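Novice: Converting from the sequence shown to the numbering used here requires adding 71 to each position, the first position being numbered 1.
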Amino acid sequence: MTSNTPLLIKRYASRRLYNTETSDYVTLEDIAGFISDGRDVQIIDLKSGDDLTRQYLLQIIAEHESKGENVLPVDVLTDLVRSYTSQAGSVVPQFLQASFEMLRDGQSKVMENMSSMNPMAQMPGFEAMQAQQQAFLKAMTSGWSGAGDAETKNSGDAGEDLSDIKAQLAELQEKLSKLSS
């Protein structure tokens, strides 16, 4: 579930984290799950009103890294520490943000291409084969149920249509076997 407004998490004095949408307590693991699901979160200290989001996100990353889920190479971590202690610190946040935006955009485009691009769709005659399969299934199912009887009577000779479909399927199978060899 994605939303324009971040999920508000309140931290109580007891350090417990409270999800204001569901009115229940959550863990860091729950918050990591919300983020993985594409939801932005904002963690606020109830008493002071301070925004603690950055602190908790860093804690989530540290926990994942300590469990052996090493996403950040040591060189990157070293460079991050250096950026806090040098003049380069002013450039690093913008660079990291731009880099992650490019990564996110690239991943989105790959996922769009993977879902919309069926390798079979690139084959010559694929659309015709789909149409023929639909017509074949329609002809076959209309014989089994009374649903297609009216259409069969109105469309003329269903036997001829079925013969045409069989011939076209055989032709496409021949083309496919030539393409694969």
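Using N, Cα and C, we set each Cβ at its ideal position, and we do this for glycine too. These figures come from a predicted structure and were not determined experimentally.
1) So, at 6 Å on beta carbons, what are the nonlocal neighbours of L88 in its own chain, with the 5 sequence-adjacent residues on each side left out?
2) Excluding the 5 residues flanking P77 on each side, which residues of the same chain have their C-beta closer than 6 Å to its C-beta?
3) Leaving out five residues on either side along the sequence, give the residues of the same chain with a beta carbon under 8 Å from the beta carbon of I102.
4) Taking Cβ positions, are V281 and L151 nearer each other than 9 Å?
5) Looking at the strands, I want to know which residues DSSP matches up with R82.
6) What residue range is occupied by the uninterrupted alpha helix (DSSP H) comprising D95?
7) Tell me D122's beta-bridge partners as DSSP assigns them.
8) Can you give me the C-alpha to C-alpha distance between R86 and D146, rounded to a whole angstrom?
9) Less than 9 Å separating the beta-carbons of A84 and L123?
10) Can V142 and E136 be called in contact, C-beta distance under 9 Å?
11) Between which two residues does the alpha helix (DSSP H) carrying D146 extend?
Specialist: So, from the data block:
1) The residue you call residue 88 lines up with position 17 of the sequence shown. These residues qualify, in order along the chain: I80, R82 and V97.
2) Reading the sequence shown from its first residue, position 6 is the one you call residue 77. So the list reads D111, V112 and Q113, once near-sequence residues are dropped.
3) Here residue 102 refers to the residue found at position 31 when the sequence shown is read from its first residue. Only I80, L88, V112, I114, Y127 and I131 meet the Cβ criterion.
4) No statement about residue 281 is possible, as the shown extent of the chain runs from 72 to 252 and does not include it.
5) Along the sequence shown, one-based indexing puts residue 82 at 11. BP columns for R82 point to L88 and D116.
6) Along the sequence shown, read from residue 1 onward, the residue named residue 95 stands at position 24. Residue range D95 to V97 is occupied by the beta strand (DSSP E) that includes D95, with no alpha helix (DSSP H) assigned at that position.
7) Numbered from 1 along the sequence shown, position 51 holds the residue referred to as residue 122. Answer is I115, bridged to D122.
8) Along the sequence shown, read from residue 1 onward, the residue named residue 86 stands at position 15. Along the sequence shown, read from residue 1 onward, the residue named residue 146 stands at position 75. One C-alpha to the other measures close to 33 Å.
9) Your numbering for residue 84 matches position 13 in the sequence shown. Your numbering for residue 123 matches position 52 in the sequence shown. L123 is positioned such that its CB atom lies no closer than 9 Å to that of A84.
10) Within the sequence shown, the letter at position 71 stands for residue 142. Within the sequence shown, the letter at position 65 stands for residue 136. Taking the C-beta atoms as reference points, E136 is found nearer than 9 Å to V142.
11) Along the sequence shown, read from residue 1 onward, the residue named residue 146 stands at position 75. In the DSSP assignment, D146 falls within the unbroken alpha helix (DSSP H) covering V145 to Y155.
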